[in-house]
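Chemist:
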Amino acid sequence: MSQKKEEILRELYPEDMFEYGKGLTEGEVEVLQHTRQIIEKEIRPVINEHWEAATFPFDEFYKLADAGIMNHPKLFEGREDARKPSQLYNFFLYYELARFDASIATFYTVHGGLGYNTILIGGDERQIKEFAPKVANFEWQTCFALTEPDHGSDIAGGLATTAKRDGDHWIINGEKRWIGGADTADIVPVFARDVEDGKIKCFIIRKGAEGYDAKPIPQKVSLRAVQNGHITMKDVVVPEADRLQNINGFSDVAKILVNTRADVAHIATGVTGGAFVAALDYVKERDQFSKKLGQFQIIQEKLARMQANTVAAIGYSARLAEMLEEGNFDMTNSSLSKMHNSLVMRETVALAREVVGGNGITLATDVARFFADAESIYTYEGTHEVNALIVGREITGSSAFV
Ligand SMILES: Cc1cc2nc3c(=O)[nH]c(=O)nc-3n(C[C@H](O)[C@H](O)[C@H](O)COP(=O)(O)OP(=O)(O)OC[C@H]3O[C@@H](n4cnc5c(N)ncnc54)[C@H](O)[C@@H]3O)c2cc1C
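Counting with UniProt numbering, you get residues 1 to 402 for the letters of the sequence shown.
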């Protein structure tokens, strides 16, 4: 590495004032730097047109595979036996993607977070060997089909999609809603309730399966570049060999969600940082009353709040990553971080939109995208209320869900 790690980090993330990035290895920083180059060269020029047209920039996104964001050997230096890169790198990768665009980060989390973790946590050795490498190098697109039209927050108890065993096969019937990437995925992990024992199990439905249909949900005003599918399944046949063997109840699904809720906490951090930096760049250039907007006291107060929110959210994410790395997989920690980071994200995107004025409601600045997209992140992977109830249960000892 010709440039020093600290120098690159200052260039990439000047808003990381408390320097949490210092914990990254040189190899991890190199991969992040390469990721930034691909984003700027390939994805930035097309993101707004895709956002407006409600299409996903597949060709440009898959250039990220060239950076090896999930599997570059430099991410495994000193951790050769690990299945995933370090948690701190994972946080900064989400930060990097979401700081640029929330749809890109969301598409990635559905594939490389939710889908990939489902395979790693739910699959047996044979299944991990079959699916994981193809997902890690983006040969196969995957997703995560849990939510249903009639069951969102109460999915743990309410899940209504059914699985009925028939010899060596299962017959799946039901509907799923909001499933990111469901219309294009090669393999779709679908959660269904076994009609025999009432337990939730996970079935890999492969592209082209008869009886499976996924239609993008139209007219979204948030995360327009990601297509969320409404899935219907009518007598879809899945072999027992494609049932993920280590998911045998909702407590196994929760193991996946501990990881993925942390990932979404990181996305909220990235959107916070991205909106702040976009607003800061704007007010340094825009003149009103014959001076730069950034020279006015009231504007600086808002910038300072956005900076503080960014440092706070990075702090939550970095410490959470450290705890996950130590093996402390605790849902309350993930929920607390997702809840906190989403709250400061919502405040920050509103402040950013405010200081950018009229241009903050057009795609001319990145701020409008962050503003609209923040609403999805506030809602998915446990709404604010659901995560607050998880934290509330822990600190009071009383569950207040029902
Ligand atoms: C853009 C987007 C992408 C998504 N991607 C996926 C995906 O890839 N895969 C997937 O499986 N799911 C996905 N989801 C689904 C997401 O996880 C759900 O939207 C979320 O769990 C909330 O469910 P709901 O929308 O049905 O809201 P509801 O559960 O109907 O909740 C509505 C409101 O009521 C509140 N509420 C509910 N219960 C309580 C309670 N007990 N006390 C107080 N308040 C309560 C909620 O907090 C919320 O404010 C996605 C959603 C969105 C918007």
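Beta carbons: idealized from backbone N, C-alpha and C, even for Gly.
Could you tell me the distance, in whole angstroms, from the CA atom of A145 to the CA atom of L120?
Modeler: As a working note, residue 145 is residue 145 in the sequence shown. As a working note, residue 120 is residue 120 in the sequence shown. Straight-line Cα distance between these residues: approximately 16 Å.
Chemist: Roughly how many whole angstroms lie between the Cα atoms of R393 and R261?
Modeler: Taking the sequence shown and counting its residues from 1, one reaches residue 393 at position 393. Taking the sequence shown and counting its residues from 1, one reaches residue 261 at position 261. Using only the alpha carbons, I get a separation of about 17 Å.
Chemist: Are there three or more Cβ pairs, one per stretch, closer than 8 Å when the segment 138-152 is compared with the segment 172-191?
Modeler: They touch, by the three-pair rule.
Chemist: Measuring alpha carbon to alpha carbon, tell me which of K215, A241 and V238 ends up nearest T232.
Modeler: By 1-based counting over the sequence shown, the position of residue 232 is 232. It is K215.
Chemist: Please confirm whether any heavy atom of ligand 1 lies closer than 7 Å to the CB of W178.
Modeler: Here residue 178 corresponds to residue number 178 of the sequence shown, with the count starting at 1. W178: yes, Cβ under 7 Å from ligand 1.
Chemist: Would you mind stating whether K302 and L351 have Cβ atoms separated by less than 8 Å?
Modeler: On the sequence shown, residue 302 is found 302 positions in, with the first residue counted as 1. On the sequence shown, residue 351 is found 351 positions in, with the first residue counted as 1. Cβ distance < 8 Å, so K302 and L351 count as in contact.
Chemist: Can you tell me the Cα-Cα spacing of E11 and F191, whole angstroms?
Modeler: To locate residue 11, count along the sequence shown from 1; it is residue 11. To locate residue 191, count along the sequence shown from 1; it is residue 191. Whole-angstrom Cα-Cα distance: 43 Å.
Chemist: Can T365 and T272 be called in contact, C-beta distance under 8 Å?
Modeler: To locate residue 365, count along the sequence shown from 1; it is residue 365. To locate residue 272, count along the sequence shown from 1; it is residue 272. Contact: no.
Chemist: Within the present structure, is the beta-carbon of F401 separated from the nearest heavy atom of ligand 1 by less than 7 Å?
Modeler: Along the sequence shown, read from residue 1 onward, the residue named residue 401 stands at position 401. Indeed, a heavy atom of ligand 1 lies less than 7 Å from the Cβ.
Chemist: When you compare each of N341, Q297, L324 and H266 to A98 by their alpha carbons, which one comes out closest?
Modeler: Here residue 98 refers to the residue found at position 98 of the sequence shown. Cα-wise, what sits closest to A98 is H266.
Chemist: Can you list, in chain order, the residues of its chain with a C-beta nearer than 8 Å to that of N246? Leave out the 5 residues immediately preceding and following it.
Modeler: Numbered from its first residue, the sequence shown carries residue 246 at position 246. So the list reads I121, G122, G123, D124 and D252, once near-sequence residues are dropped.
Chemist: Is the beta carbon of H340 closer than 8 Å to that of V238?
Modeler: Counting from one through the sequence shown, the residue named residue 238 turns up at place 238. Counting from one through the sequence shown, the residue named residue 340 turns up at place 340. No, these two residues do not count as a Cβ contact at 8 Å.
Chemist: Between the alpha carbons of D330 and G249, how many angstroms are there, rounded?
Modeler: Position 330 of the sequence shown, counted from the first residue, corresponds to residue 330. Position 249 of the sequence shown, counted from the first residue, corresponds to residue 249. Straight-line Cα distance between these residues: approximately 18 Å.
Chemist: As a quick exercise: from A318, N333 and A268, pick the residue whose alpha carbon is nearest that of M345.
Modeler: Within the sequence shown, the letter at position 345 stands for residue 345. Taking only the C-alpha atoms, the option nearest M345 is A268.
Chemist: Can V135 and G115 be called in contact, C-beta distance under 8 Å?
Modeler: Locating residue 135 in the sequence shown gives position 135, where the first residue counts as 1. Locating residue 115 in the sequence shown gives position 115, where the first residue counts as 1. Yes, the pair counts as a contact, with Cβ atoms nearer than the cut-off.
Chemist: Which word fits R126, buried or exposed, when buried means at least 16 other C-beta atoms lie within 10 angstroms of its C-beta?
Modeler: What you label residue 126 is simply residue 126 of the sequence shown in a count that begins at 1. Counting Cβ neighbours within 10 Å, R126 comes out exposed, since fewer than 16 surround it.
Chemist: Which term fits Y378, buried or exposed, when burial requires 16 or more other beta carbons within 10 angstroms of its beta carbon?
Modeler: Counted from its first residue, the sequence shown places residue 378 at position 378. Per the 10 Å Cβ criterion, buried.
Chemist: In angstroms with no decimal places, state the Cα-to-Cα distance between R79 and F203.
Modeler: Working through the sequence shown from its first residue, we reach residue 79 at position 79. Working through the sequence shown from its first residue, we reach residue 203 at position 203. Roughly 31 Å separates the two Cα atoms.
Chemist: Give me the residue from L320, V283 and V277 with the minimum Cα distance to A308.
Modeler: The count along the sequence shown starts at 1 and reaches residue 308 at position 308. Comparing Cα positions, the closest option is V277.
Chemist: Does D166 come out as helix, strand or coil in the three-state DSSP assignment?
Modeler: On the sequence shown, position 166 is the one that residue 166 refers to. Looking at D166 - three-state DSSP - the assignment turns out to be strand.
Chemist: With a CB to CB cut of under 6 Å and the five nearest residues on each side skipped, what residues in its chain are close to D235?
Modeler: By one-based count along the sequence shown, residue 235 stands at place 235. Excluding sequence neighbours, D235 sits near I171 and G211.
Chemist: Determine the DSSP secondary structure at I217, reduced to helix, strand or coil.
Modeler: Residue 217 sits at position 217 when you count from the first residue of the sequence shown. I217 falls in the coil class under three-state DSSP.
Chemist: Would the C-beta of H169 count as close to ligand 1, meaning under 7 Å from any of its heavy atoms?
Modeler: Locating residue 169 in the sequence shown gives position 169, where the first residue counts as 1. False, no ligand heavy atom lies under 7 Å from that Cβ.
Chemist: Tell me where the beta strand (DSSP E) around H230 begins and ends.
Modeler: Looking up residue 230 in the sequence shown gives position 230. Taken as a continuous stretch (DSSP letters only), the beta strand (DSSP E) holding H230 covers N228 to P239.
Chemist: Return yes when the Cβ of V195 is within less than 8 Å of the Cβ of K164, no when it is not.
Modeler: Reading the sequence shown from its first residue, position 164 is the one you call residue 164. Reading the sequence shown from its first residue, position 195 is the one you call residue 195. A contact, by the Cβ cut-off of 8 Å.
Chemist: Which class does T142 belong to by DSSP, given the choice of helix, strand or coil?
Modeler: To locate residue 142, count along the sequence shown from 1; it is residue 142. In this structure, T142 counts as strand in the three-state DSSP scheme.
Chemist: Within 8 Å, do at least three Cβ pairs link the segment 81-92 to the segment 320-338?
Modeler: With the cut-off at 8 Å, the segment 320-338 and the segment 81-92 touch.
Chemist: Are there any heavy atoms of ligand 1 lying less than 7 Å away from the beta-carbon of E175, as far as the coordinates show?
Modeler: In the sequence shown, residue 175 corresponds to position 175, counting from 1. Every heavy atom of ligand 1 is 7 Å or more from the Cβ of E175, so no.
Chemist: Would the beta-carbon of G112 be found less than 7 Å away from any heavy atom of ligand 1?
Modeler: Here residue 112 refers to the residue found at position 112 of the sequence shown. Answer for G112: no, Cβ out of range of ligand 1.
Chemist: Skipping 5 residues on each side, what residues in its chain have a beta carbon closer than 6 Å to that of I361?
Modeler: Mapped onto the sequence shown, residue 361 falls at position 361. These residues qualify, in order along the chain: A368.
Chemist: Are N387 and K338 closer than 8 Å when you measure CB to CB?
Modeler: On the sequence shown, residue 387 is found 387 positions in, with the first residue counted as 1. On the sequence shown, residue 338 is found 338 positions in, with the first residue counted as 1. In contact: N387 and K338 (Cβ atoms closer than 8 Å).
Chemist: Quick one: is S290 buried, meaning 16 or more other Cβ sit within 10 Å of its Cβ, or exposed?
Modeler: As a working note, residue 290 is residue 290 in the sequence shown. With fewer than 16 Cβ atoms within 10 Å of its Cβ, S290 is classed as exposed.
Chemist: Tell me which same chain residues have a C-beta within less than 8 Å of the C-beta of E240, skipping the five on either side of it?
Modeler: Working through the sequence shown from its first residue, we reach residue 240 at position 240. Excluding residues within five positions, the ones whose Cβ falls inside 8 Å are R165, D168, H169 and W170.
Chemist: Within its chain, find whatever has a CB closer than 7 Å to the CB of H50; leave out the 5 residues flanking it on each side and keep chain order.
Modeler: Numbered from 1 along the sequence shown, position 50 holds the residue referred to as residue 50. Contacts found: F56, P57 and A225.
Chemist: When burial is assigned at 16 or more other CB atoms within 10 Å of the CB, is N333 buried or exposed?
Modeler: The residue you call residue 333 lines up with position 333 of the sequence shown. Buried, because 16 or more other Cβ atoms sit within 10 Å of the Cβ of N333.
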